[in-house]
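K.L.:
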Amino acid sequence: TDLDSVRQELEEFIPHVKNISDCSVKKMAGRDLMRFKEFKKQGIAVKFGRFTQKENKQIRKNVEEFLSLTGIDSAEKLLYPSRYPNEKDTIYRLKTEHHFCEKISEGIPRPWRLIYYRARKIFDPNNYKGKYSKEEKEKLKKYQALHGNDWKKISELMSRSTLSLAMKFSEIKSPINYGSWTKEETRKLMNAVEEVLRKRARTENPGSVFSLEESSRDLWIEREKLYQPLPWSEIETKVGSRYWGQCKQKWSSILTSKLTRGQELHRSTNVLRTNINLIKRLYETKAEDASEVNWDELSNAIGGIPRAYVQTRFYKLKVSFVPLWKRRTFS
DNA sequence: AAGAACGCACGTTCAGTAGC
DNA sequence: GCTACTGAACGTGCGTTCTT
Numbered sequence: 178t179d180l181d182s183v184r185q186e187l188e189e190f191i192p193h194v195k196n197i198s199d200c201s202v203k204k205m206a207g208r209d210l211m212r213f214k215e216f217k218k219q220g221i222a223v224k225f226g227r228f229t230q231k232e233n234k235q236i237r238k239n240v241e242e243f244l245s246l247t248g249i250d251s252a253e254k255l256l257y258p259s260r261y262p263n264e265k266d267t268i269y270r271l272k273t274e275h276h277f278c279e280k281i282s283e284g285i286p287r288p289w290r291l292i293y294y295r296a297r298k299i300f301d302p303n304n305y306k307g308k309y310s311k312e313e314k315e316k317l318k319k320y321q322a323l324h325g326n327d328w329k330k331i332s333e334l335m336s337r338s339t340l341s342l343a344m345k346f347s348e349i350k351s352p353i354n355y356g357s358w359t360k361e362e363t364r365k366l367m368n369a370v371e372e373v374l375r376k377r378a379r380t381e382n383p384g385s386v387f388s389l390e391e392s393s394r395d396l397w398i399e400r401e402k403l404y405q406p407l408p409w410s411e412i413e414t415k416v417g418s419r420y421w422g423q424c425k426q427k428w429s430s431i432l433t434s435k436l437t438r439g440q441e442l443h444r445s446t447n448v449l450r451t452n453i454n455l456i457k458r459l460y461e462t463k464a465e466d467a468s469e470v471n472w473d474e475l476s477n478a479i480g481g482i483p484r485a486y487v488q489t490r491f492y493k494l495k496v497s498f499v500p501l502w503k504r505r506t507f508s
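Read in the numbering used here, the first sequence has 244 at position 67, and its numbers run on one by one without any break.
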């Protein structure tokens with residue numbers, strides 16, 4: 178059928194396209210396929226992951242240019258027309274007339290849907306408001322009880338973005354513990370991770386040594402596999418008293434201490450050596466943007482240290498030794 | 001049908017604090 | 001003055017559904 182051929186064409190640009198739903202493939206069929214082909218002609222590959230500084234700049238430029246082209250007077254009006262009931266019809270008309278979608282995604286080799294989302298985040302004045310205060314958290318709970326998941330309404334009441342509110346609420350909706358983990362909690366977490374890994378091993382090697390009564394047996398897993406992504410919401414449920422992000426963080430710290438035991442990373446000479454190594458390797462990768470760094474590869478090269486550990490290490494180095502790091506480019 | 005919006009799961013980066 | 005630990009904001013990527 179038509180969809181199958183589109184899928185085949187897209188595969189060249191998005192290797193994992195076979196796992197994507199018909200619904201989403203359809204959305205990429207029209208505009209994106211054409212755009213990807215154009216980029217290919219110029220020798221530009223489709224990008225994934227974090228937007229680079231360059232790309233963010235390009236989005237700002239595209240938005241600005243579209244505004245001056247159409248005479249719409251703010252990015253918010255352009256990207257959130259429904260917030261301006263009186264003007265929204267005109268805005269919609271101007272957008273279709275001047276090919277909003279093409280213009281906004283110009284020069285950025287990604288599906289336009291993702292570019293559009295990115296633009297909306299950048300230009301939502303209710304975004305980037307920093308930490309939630311205690312009062313805000315209480316308010317959020319109260320308003321949610323009152324209005325349900327009507328984030329738009331709650332957003333108007335609290336001047337936070339709908340995305341931020343929905344995310345925050347999912348974190349605080351059920352009571353969780355804070356502070357140090359108890360022994361009991363830690364044990365629960367380790368059990369949950371083990372259970373998940375067992376299940377994974379079972380589906381990966383069906384009918385092998387794992388098949389019978391494996392629950393009582395020790396589980397052997399290659400080192401690299403320990404860094405693979407885990408189903409955190411499932412683990413959150415099993416732990417019960419902690420949010421998924423807390424579980425992930427805790428697991429990472431357990432992993433770090435277990436895998437670096439004996440290496441005595443804390444000894445000052447080793448710290449120095451690891452830091453120098455990290456900087457050197459990072460330099461050698463010639464990455465032009467933080468999003469281009471392959472942390473898995475890097476942490477392996479440094480000596481089988483967990484990825485998350487290397488990432489925070491790099492962050493610490495950056496903030497303590499690079500003056501004005503916030504205003505600098507990665508390269 | 002295009003565009004906009006909602007919802008979920010998980011990844012990355014920034015940041016505060018306890019404790020040595 | 002440093003690391004380890006903890007917390008959380010911010011971000012991507014998709015499935016899906018509502019609106020225009």
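Glycine included, C-beta positions come from ideal geometry on N, C-alpha and C. Small disclaimer: the values here were computed from a predicted structure and weren't measured.
Pull up the distance between the alpha-carbon of residue 251 and that of residue 244, whole angstroms please.
P.N.:
Taking the straight line from one Cα to the other gives about 7 Å.
K.L.:
Spatial neighbours of residue 362 within its chain, please: C-beta separation below 8 Å, excluding the five flanking residues on both sides.
P.N.:
Result list for residue 362: 354, 416, 418, 419, in chain order.
K.L.:
Quick check on residue 487: buried or exposed, where buried means 16 or more other Cβ atoms within 10 Å of its Cβ?
P.N.:
Buried.
K.L.:
Rounded to the nearest angstrom, what separates residue 304 and residue 432 at their Cα positions?
P.N.:
Residue 304 and residue 432: Cα-Cα distance of roughly 34 Å.
K.L.:
Report yes or no: do the segment 304-323 and the segment 278-291 share at least 3 C-beta pairs separated by less than 8 Å?
P.N.:
Touching, no, given that fewer than three Cβ pairs across the two stretches are closer than 8 Å.
K.L.:
Span of the alpha helix (DSSP H) holding residue 179?
P.N.:
Segment 179-188, the alpha helix (DSSP H) holding residue 179.
K.L.:
Return the CA-CA distance between residue 294 and residue 395, expressed in angstroms with no decimal places.
P.N.:
Rounded to whole angstroms, residue 294 to residue 395 spans 45 Å at the Cα level.
K.L.:
Rank 491, 471, 187, 411 by C-alpha distance to the C-alpha of residue 212 and give the top, closest one.
P.N.:
Per the Cα distances, 187.
K.L.:
Could you check if residue 190 is buried or exposed, using at least 16 other CB atoms within 10 Å of its CB as the buried criterion?
P.N.:
With 16 or more Cβ atoms within 10 Å of its Cβ, residue 190 is classed as buried.
K.L.:
Using 8 Å as the threshold, is the segment 283-300 in touch with the segment 225-236, meaning 3 or more CB pairs across them?
P.N.:
The answer is yes - the segment 225-236 touches the segment 283-300, with three or more Cβ pairs under 8 Å.
K.L.:
Going by other Cβ atoms of all chains shown within 10 Å of its Cβ, with 16 needed for buried, is residue 199 buried or exposed?
P.N.:
The residue is exposed, with fewer than 16 neighbouring Cβ atoms inside 10 Å.
K.L.:
From residue 185 to residue 215, what distance separates their C-alpha atoms?
P.N.:
One C-alpha to the other measures close to 17 Å.
K.L.:
Measuring only the C-alpha atoms, how far is residue 389 from residue 491?
P.N.:
Any answer about residue 389 is weak, because its pLDDT of 46 lies below 50 and its placement is not dependable; what the coordinates show is given next. One C-alpha to the other measures close to 44 Å.
K.L.:
What are the start and end residues of the alpha helix (DSSP H) that includes residue 480?
P.N.:
Where residue 480 is concerned, the enclosing alpha helix (DSSP H) stretches over 472-480.
K.L.:
Considering only their Cβ atoms, is the gap separating residue 268 from residue 249 smaller than 8 Å?
P.N.:
Against a cut-off of 8 Å, the Cβ pair of residue 268 and residue 249 comes out as a contact.
K.L.:
By the 10 Å Cβ neighbour count, where 16 or more other Cβ atoms means buried, how is residue 509 classified, buried or exposed?
P.N.:
In this structure the chain extends from 178 to 508, so residue 509 is not present and cannot be described.
K.L.:
Which stretch, first to last residue, makes up the alpha helix (DSSP H) that contains residue 239?
P.N.:
Taken as a continuous stretch (DSSP letters only), the alpha helix (DSSP H) holding residue 239 covers 230-247.
K.L.:
Return the chain-ordered list of same chain residues with a C-beta closer than 8 Å to the C-beta of residue 479, the five sequence neighbours on each side being excluded.
P.N.:
Hits under 8 Å: 451, 454, 455, 458, 487.
K.L.:
For the segment 273-361, which segments carrying the alpha helix (DSSP H) assignment without a break, of at least 4 residues, lie completely within its bounds, in sequence order?
P.N.:
For the segment 273-361, whole alpha helix (DSSP H) runs of length 4 or above, ordered along the chain, are 277-281, 289-299, 311-324, 328-335, 339-349.
K.L.:
Just to confirm, is the Cβ distance from residue 209 to residue 288 under 8 Å?
P.N.:
It is a contact, given that the beta carbons lie within the stated cut-off.
K.L.:
Just the Cα atoms here: how many angstroms apart are residue 425 and residue 219?
P.N.:
The straight-line gap from Cα to Cα measures roughly 41 Å.
K.L.:
If you measure from the CB of residue 373, is any heavy atom of the ligand FAD nearer than 7 Å?
P.N.:
Among the ligands in the structure shown, none appear at all, so the ligand FAD cannot be discussed.
K.L.:
Report the rounded CA-to-CA distance for residue 197 versus residue 449, giving the unit in angstroms.
P.N.:
Roughly 45 Å separates the two Cα atoms.
K.L.:
For residue 336, which residues from the same chain have a beta carbon less than 8 Å from its beta carbon, with the 5 sequence-adjacent residues on both sides left out?
P.N.:
The answer, listed in chain order, is 303, 306.
K.L.:
Report the option in 265, 409, 404, 494 whose CA atom is closest to the CA atom of residue 485.
P.N.:
Selected option, being the one with the closest Cα: 404.
K.L.:
Measure from the alpha carbon of residue 348 to the alpha carbon of each residue in 410, 266, 376, then state which is nearest.
P.N.:
Minimum Cα distance to residue 348 is reached at 410.
K.L.:
Consult DSSP for residue 387 and reduce its assignment to one of helix, strand or coil.
P.N.:
Interpretation of residue 387 is limited by its pLDDT of 47, a score under 50 that renders its predicted location unreliable; the figure taken from the coordinates is listed afterwards. Of the three classes helix, strand and coil, the one that applies to residue 387 here is coil, per DSSP.
K.L.:
With H, G and I counted as helix, E and B as strand and the rest as coil, what does DSSP make of residue 227?
P.N.:
Residue state, collapsed to three classes: coil.
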